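Undergrad: Here the sequence shown is numbered in my numbering, starting from 389 and rising by one per residue. Positions of the beta carbon are idealized from the N, C-alpha and C atoms, including for glycine. These numbers come from a predicted model, not from an experiment. Handing you a structure now.
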Amino acid sequence: MDGKFKVAMFGLWFTLTLMVALSSSVLKNRVQVLERKLATINSNIQSDIAQIHVLKAQWSHYNTPDRLRKLAYEQLSLENAKPEQIINYSALHFNYENGRASAPMRSDKKSLTTLVKAEVKKN
389 MDGKFKVAMF GLWFTLTLMV ALSSSVLKNR VQVLERKLAT INSNIQSDIA
439 QIHVLKAQWS HYNTPDRLRK LAYEQLSLEN AKPEQIINYS ALHFNYENGR
489 ASAPMRSDKK SLTTLVKAEV KKN
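This is how it looks when you write it as structure tokens:
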């Protein structure tokens, strides 16, 4: 019986050692796969950070006041406002009915021009 016990113990320890070695190998393989995924993710993060820096630089360039002023002048062809184009809101006559403002009483262009000229002369 003493011999059978030794064989049984040897078999038990051998099986246990084999299971630990196999588990360690599987675990090592899983860790390596996860480390590769982590390296890929970190690489992607670094690439995204570099791209964000480029985009921020482009944004800063595209939104400089001088550049925007130049583009507005070239693309919109705006002119400075003339005094005749600026009037006081109080000079516009609105019909207030039921607490709501409706269209101006004078709707034709000639009467509005006359109104504006009168307002300019008044000031």
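(1) In chain order, what residues of the same chain lie with their CB nearer than 8 Å to the CB of L410, ignoring the 5 residues before and after it?
(2) What first and last residue would you give for the alpha helix (DSSP H) that runs through S478?
(3) Could you name the residues of the same chain whose beta carbon sits closer than 7 Å to that of H441, not counting the 5 residues immediately before and after it, in chain order?
(4) For S431, collect the residues of the same chain with a Cβ closer than 6 Å to its Cβ; drop the 5 residues on either side in sequence, then sort them by chain order.
(5) I need the boundaries of the alpha helix (DSSP H) containing E423, first residue and last residue.
(6) In three-state DSSP terms, what is L466?
TA: Concretely, from the data shown:
(1) Answer for L410: no residue qualifies.
(2) In this chain, S478 is not harboured by any alpha helix (DSSP H), its DSSP state being neither H nor E.
(3) None.
(4) None.
(5) E423 -> alpha helix (DSSP H) spans 390-450.
(6) Residue state, collapsed to three classes: coil.
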